[in-house]
Every structure is written in C-alpha cells, then in structure tokens.
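In the numbering used here, the protein residues as written are 1247 to 1551. The next block holds one structure in the form of structure tokens; read it before the comments.
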C-alpha cells in the first residue's frame, strides 16, 4: 500500500508521474499524487492555521522546487503556467527510492556552493538538513510558537488579577466578540452566576456567565458544572444558556456531562481557549510586527498576452 508520511515520499512519485505524463502543471501533478496516494479531499484541503495556504499544495510546490534546483526536473512556461517534465538526470533516478533521491538533492545542493570556510559549510549543511521543511511551514511553526508564548503570558496576567477584575475582563471579552451589553452580578447574591451578557446588541436573550480564576493545573470537575447548571435552571424564567470560563481546565467527565446535557446549552472555555480568544480579539494585546506573504495573481498576468 502506498503511504504518504513525509514530504520526501513525494520525490519518486513526482519523477515517475512526469515521465509518464510530461508537461503537467502544478494542479495536474497534485491530482496525480492524490490518486497515487489515495488522498481524500479532506486531506487535500487542510490549511495552515496562520497563512491559510493549503498544506499539501504548498508541500508539492516545494518538492517541485527541490527537484528543479537539483536538475532532476525542468519546466517551460506557457501562458504564465509552469509545465513540468523529467530531465535526463531525473530519468536516471526513476527507480531510485525517495531516500536516494533526497540524498542526491542534498549532494547536488552542496556542489552549487564554492565555500572556503568550515563555518560556511556548516551553515549550508544545516540548510540541506532542513530541506524537509519548507519556508512557509517553518514560518508557520515559528509563529505558533510565539503565539503559544503570548498565550502563557496572558494567563499569567489573568492569574495576577483579583476575582472581580477577572470577571470584568471576561465580560469585556464577550463584548469584543460581538455579544451585547454585559454586567457583573452582585457578589453577595450571585448564586454561582458571575456575569450576564446579552446574546446580541438588541438584548433579546440573556446568557449567564461563571468566571473562575484558578491555577492552570486545576481540573474543574462534573460537580462544579452541575452546580452551575442547577443555578441556571433555578433562575426565574428557567435560563437555558450559560458559559463557564476559567483559567484552568475541565475534566473529561465535565466535558462529557455538558455534551450530553440537553436541558440547557452550556459552553466551556478553558484557559487555553480563553487566552486564544483574548489574543484573536485583541483584548489587551496589540500588533508588534506584521508579515505579509504574497503570491502571484495568475489571472492578472494571463490578461496580458
């Protein structure tokens, strides 16, 4: 059975596809690879979280670039489209494994540099080792690592605030997310309800909020959720919508209980999700640097004959 686990697995199939079907464009190569590896549409349509680029399409483009730069394939441009075909060198490696092809790419990459210092050679060798990770994927991983660090900083700040301040921050977040006006309940009579928000700006329906500032490693269990729901159902008018927000986490039992509870709609927001919402809705954070990645607009270029 043909399996696609690593990006290098694409190398041999690409050579053979282009030998059998010369002059294919990028989209046709992707379709042939999808057929070769039996990849479904869900897999083909997966996108990077940050750039929103299609992961598999970007990976194929990068492998085409590797094969082209090492002289194993080439292309000709027809109406601003690249039509790929196997070179004479590539034909010699049609029966080689993807590992051997990758080795050839690495060695060929090295020969293109005239280096005199050991430091330069080490730097180039490191670049070759990283051939399996394309630049967009590297950027994506770096961005996610930075964002995760900011998430941790957000949670640390939240934990440093008083319970009342935390409740106010949560209500302000929901307003940032597009809900209507919100308010903090009176501490002496909240009965487990820390805040109330309107479901929309017109205030047609109320949503009740419980906001608990606990340490990140605390696990909120099913009994806490049951008490919150009991308070909701005991309110005048039999409230049916609630949000339980915390800087901690929820136990599996608590999550399953909410999923199976049908008398009220309850949403659980743990610390990780809370930090994510605060980051994405720019509550108390501000942009530091913005990188914009461009790609060619094929329709524009094809309009010039």
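We treat Cβ as the ideally placed atom computed from N, Cα and C, and that holds for glycine.
query = By Cβ distance below 6 Å, which residues in the same chain neighbour residue 1436 in space, the five residues on each side in sequence not counted?
reply = Confidence at residue 1436 is low in this model, with a pLDDT of 48, below 50, so the placement of that residue should be treated as unreliable; the coordinate-derived value is given next. Contacts found: none.
key: DSSP-derived helix/strand/coil call for residue 1411   = Helix.
task = Give every residue of the same chain whose Cβ lies closer than 6 Å to the Cβ of residue 1443, excluding the five residues on either side of it in the sequence, and list them in chain order.
result = Only 1420, 1425, 1428, 1453 meet the Cβ criterion.
key: Three-state secondary structure (DSSP) of residue 1383   = Residue state, collapsed to three classes: helix.
query = When the Cα atoms are used, what is the spatial distance from residue 1514 to residue 1496?
reply = A direct Cα-to-Cα measurement between residue 1514 and residue 1496 gives close to 8 Å.
task = Identify every run of the alpha helix (DSSP H) within the segment 1311-1338, keeping only runs that are complete inside it and at least 4 residues long; order them along the chain.
result = When DSSP assignments are scanned along the segment 1311-1338, the uninterrupted stretches of alpha helix (DSSP H) that are 4 or more residues long and fall wholly within it turn out to be 1334-1338.
query = Leaving out the 5 sequence neighbours to the left and right, which residues in its chain are closer than 7 Å to residue 1230 when beta-carbon positions are compared?
reply = Limits of the chain in this structure are 1247 at one end and 1551 at the other, which puts residue 1230 out of reach.
ask   = In three-state DSSP terms, what is residue 1293?
value = When DSSP states are grouped into helix, strand and coil, residue 1293 belongs to the strand group.
query = Taking DSSP as the reference, what is the three-state secondary structure of residue 1447?
reply = In the structure shown, residue 1447 sits in coil (DSSP, three-state: anything other than H, G, I, E or B).
ask   = Tell me which same chain residues have a C-beta within less than 6 Å of the C-beta of residue 1339, skipping the five on either side of it?
value = 1347, listed in sequence order.
inquiry  = Given this structure, state the Cα-to-Cα distance separating residue 1463 from residue 1526, to the nearest angstrom.
reply    = For residue 1463 and residue 1526, the distance between alpha carbons rounds to 23 Å.
inquiry  = With distance defined between alpha-carbon atoms, name the residue in 1284, 1396, 1331 nearest to residue 1268.
reply    = Comparing alpha-carbon positions, the option among 1284, 1396, 1331 lying closest to residue 1268 turns out to be 1331.
Buried or exposed (CB count within 10 angstroms, at least 16 for buried), residue 1440 = With 16 or more other Cβ atoms within 10 Å, it is buried.
inquiry  = Quick check on residue 1507: does DSSP put it in helix, strand or coil?
reply    = In the structure shown, residue 1507 sits in coil (DSSP, three-state: anything other than H, G, I, E or B).
Burial state of residue 1516 (16 or more Cβ within 10 Å) = Counting of Cβ neighbours within 10 angstroms places residue 1516 among the buried residues, the total reaching 16 or more.
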